[in-house]
Amino acid sequence: MYIQVTLNVNSKRYNVNVAPYHTLCDVLRDQLGFTEVKKNCGSGECGGCTVIIDGKPVCSCIMLAVQANNKEITTVKGISSDRNLHLLQKKFIEFSAVQCGQCTPGMILAAKALLDNNPHPSEEEVRTAISGNICRCTGYEQIIEAIMSAATEQ
Amino acid sequence: MANVANKVFFRPTGYSKPANIMEAVKLLAHYGKKGQFVAGGTDILVEKNPDIEVLIDITGLGLDYIKTTSNGIRIGAMTTFADIVTSAILANEPYNVLVQAAYQMGTPQIRNVATIGGNVCSAVPSADSVPALLVLDATFNIASPNGNRSIEVTDFFRDTRKTALNGSELLTEIQISVLPTRTGAIFLKKGRTATGDLALVNAAVRLTMTADNICQDVRIALGAVAATPLRIRKAEEMLRGEKPRDTLLKEVADCVSKEIKPINDMRSSAAYRRTLSQILVERALKKVVTKLSA
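Protein sequence lines, in the order shown, are assigned to chains A and B. Using our numbering, you'd call the opening residue of the first sequence number 1 and step up by one each time. Using our numbering, you'd call the opening residue of the second sequence number 1 and step up by one each time.
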């Protein structure tokens, strides 16, 4: 039943044995310890489990682990290096865009995927980019400001 | 013990990724109700059908493409919604009604992996791609171990979550023939939230107008208001051969709200859906007329 897959997570290769029904979110969290990938709704509606695969944000909780075989996966830990926070992370702190933090990893990755493809988005484009990420705390204004500010400084 | 667990939880123990279409449909024929095709997986991993024992991954069949041919456009069933949204081929009137639908489906994350074939074959009443495909007169190409066939979009949806596919068939391609000039189309959707929700009602309208402003071809399709997405032919007939006067457009929209069979469910009421249908259809008709008059 178990299938060996190779997952490239934050530029490191991991070989894992997964069952056909394992989701990428469960494998990342439970087998590989990437608990920064949050499992909030577990049904692909809130975006908390967002990771970036091949440059695109996807919900890992509704992706089969087997289908992530040989893919390049980025979690929020992968966007900073040696304790130097990514610009987006600095802006989220500066603009108070983090409260409970549960939506934050997914939110930052959705923003990063946007800025990587579109370095100077309009506010409308930012809102669309995070339209799959639900935040129960902030009301989104601080998040949008943080992302727009990061865009001006890129 | 394993069989008991399988009936309660989604626990397929088998996974296969066929390299070609014939292999895929033969696998499905072999496993029958215990097998399930998986493409993007965004419906399957929410639905979590406990009867599934084998997942058949159909993302390796080369079916993600959008191409033009001499008589129209062919869209591979594995094309993602994100690719439909950014497609240069689908950007033009009236084919971009499919882009409008794709853009309003789900969330960016879901659009990056969800496929149009999966959306169509889910056959849920609210499937966003379907009203657009209904007004574009799409044809579906189907593969099976015994050969291929084509089904018109109007014949494909039999009941809620039931399509015309038999147990060993795969939707491989969606074909859209070239439509006449002076054709315009619009897709509108209303959910409880601005994005990310299932449609309370979705609607697509397509008009082909003659040079002297007569509605030559009329297509009006709605989702989430009946057991399947459907065209409202009685309303289409009211408009065909006529000029699109505002009063007539209102009557056509009123007809739609009477013809549909919406239900009360956790998202909305039948009464609200009737009101919404009238509003969306009238709005869509007016927008298309404005587009074609410009």
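Each residue gets a CB set at the ideal place from its N, CA and C atoms; glycine is no exception.
(message) Counting only Cβ pairs nearer than 8 angstroms, list the residues of chain B close to G132 (chain A).
(response) G106, T107, P108, Q109, I110, T195, G196
(message) Does chain A have any CB closer than 8 angstroms to the CB of G167 (chain B)?
(response) no
(request) Just the chain A side, please: which residues come within less than 9 angstroms of D57 (chain B) by C-beta, in chain order? (result) L64, V66, Q67
(request) Step through the CB atoms of chain B and report whether any lies within less than 8 angstroms of the CB of Y14 (chain A). (result) no
(message) So if DSSP puts Y15 (chain B) in a beta bridge, which residue, or which two residues, is it bridged to?
(response) B:L55
(request) Could you tell me whether the Cβ atoms of T208 (chain B) and T183 (chain B) are closer together than 8 angstroms? (result) yes
(message) Quick check: is the beta carbon of G47 (chain A) nearer than 8 angstroms to any beta carbon in chain B?
(response) yes
(message) Determine whether the beta carbon atoms of T75 (chain A) and L7 (chain A) lie at a separation below 8 angstroms.
(response) no
(request) Could you confirm whether any beta carbon from chain A is found closer than 8 angstroms to the beta carbon of L27 (chain B)? (result) no
(message) Taking 8 angstroms as the threshold (beta carbon to beta carbon), is M1 (chain B) in contact with chain A?
(response) Legend: pLDDT at M1 (chain B) = 46, less than 50; position of this residue unreliable, value from coordinates given subsequently. Closer than 8 angstroms: no.
(request) Using the Cα positions of L170 (chain B) and G41 (chain B), report the straight-line distance between them to the nearest angstrom. (result) 16 angstroms
(request) Kindly list the residues whose CB is nearer than 6 angstroms to the CB of C135 (chain A), restricted to its own chain and excluding five residues on each side of it in sequence; keep chain order. (result) C103
(request) Give the DSSP-derived three-state secondary structure of I130 (chain A) in the structure shown. (result) coil
(message) For K160 (chain A), count the other beta carbons within 10 Å of its own beta carbon; 16 or more makes it buried, fewer makes it exposed. Which is it?
(response) The displayed coordinates of chain A run from 1 to 154. Any statement about residue 160 (chain A) would go beyond what the structure contains.
(request) Say whether chain B places a C-beta atom closer than 8 angstroms to the C-beta of C59 (chain A). (result) yes
(request) Apply the 10 Å Cβ neighbour rule to R149 (chain B) and answer buried if 16 or more other Cβ atoms are within range, or exposed otherwise. (result) exposed
(message) Let's see if you can read the secondary structure: which residues bound the beta strand (DSSP E) around V58 (chain A)?
(response) 56-59
(message) Closer than 8 angstroms is the cut-off here; do at least three beta carbon pairs connect the stretch 120-137 of chain B with the stretch 206-223 of chain B?
(response) yes
(message) Nearer than 7 angstroms: is that true of the beta carbon of A29 (chain B) relative to any heavy atom of the ligand SAM?
(response) Only the bare structure without any ligand can be found here, which leaves the ligand SAM out of the picture.
(request) Would you mind sorting R273 (chain B) into buried or exposed? The rule is 16 or more other CB atoms within 10 Å of its CB. (result) buried
(message) Only counting the same chain, and skipping five residues up and downstream in sequence, which positions put a Cβ closer than 6 angstroms to that of A150 (chain A)?
(response) L87, L88, K91
(request) Consult DSSP for Y140 (chain A) and reduce its assignment to one of helix, strand or coil. (result) coil
(message) When you compare the CB of L45 (chain B) with every CB in chain A, is at least one pair closer than 8 angstroms?
(response) yes
(message) Considering Cα atoms alone, identify which of A:E153, A:A146, A:T138, A:S131 is closest to A194 (chain B).
(response) A:S131
(request) Just mark D26 (chain A) as buried or exposed, buried being the case when its beta carbon has 16 or more other beta carbons within 10 Å. (result) buried
(message) So, for R267 (chain B): in the same chain, excluding its five sequence neighbours on each side, which residues have a beta-carbon less than 7 angstroms away from its beta-carbon?
(response) R192, L198, L200
(request) Would you kindly work out how many angstroms separate the C-alpha atoms of A29 (chain B) and P50 (chain B), rounded to a whole number? (result) 19 angstroms
(message) Would T163 (chain B) and C121 (chain B) qualify as a contact pair, given that the criterion is a beta-carbon distance under 8 angstroms?
(response) yes
(message) Short of 7 angstroms Cβ to Cβ, which residues in the stretch 258-287 of chain B face chain A?
(response) none
(request) Please state if the CB of T13 (chain B) and the CB of M1 (chain A) are separated by a distance shorter than 8 angstroms. (result) yes
(message) Give me, in chain order, the residues of the same chain whose beta-carbon lies closer than 7 angstroms to that of N96 (chain B); leave out the 5 immediate sequence neighbours on both sides.
(response) L90
(message) With a threshold of 8 angstroms between beta carbons, is P94 (chain B) in contact with chain A?
(response) no
(message) Taking the beta strand (DSSP E) that Y21 (chain A) belongs to, which residues open and close that run?
(response) Note, Y21 (chain A): premise wrong, no beta strand (DSSP E); not H, not E.
(message) Restricting to Cα atoms, I'd like to know which of A:D54, A:C59, A:L85 is closest to G48 (chain A).
(response) A:C59
(request) Measure the C-alpha to C-alpha separation of V37 (chain A) and I75 (chain B) and round it to an integer number of angstroms. (result) 34 angstroms
(request) With 8 angstroms as the threshold, decide whether the Cβ of A129 (chain A) is near any Cβ in chain B. (result) yes
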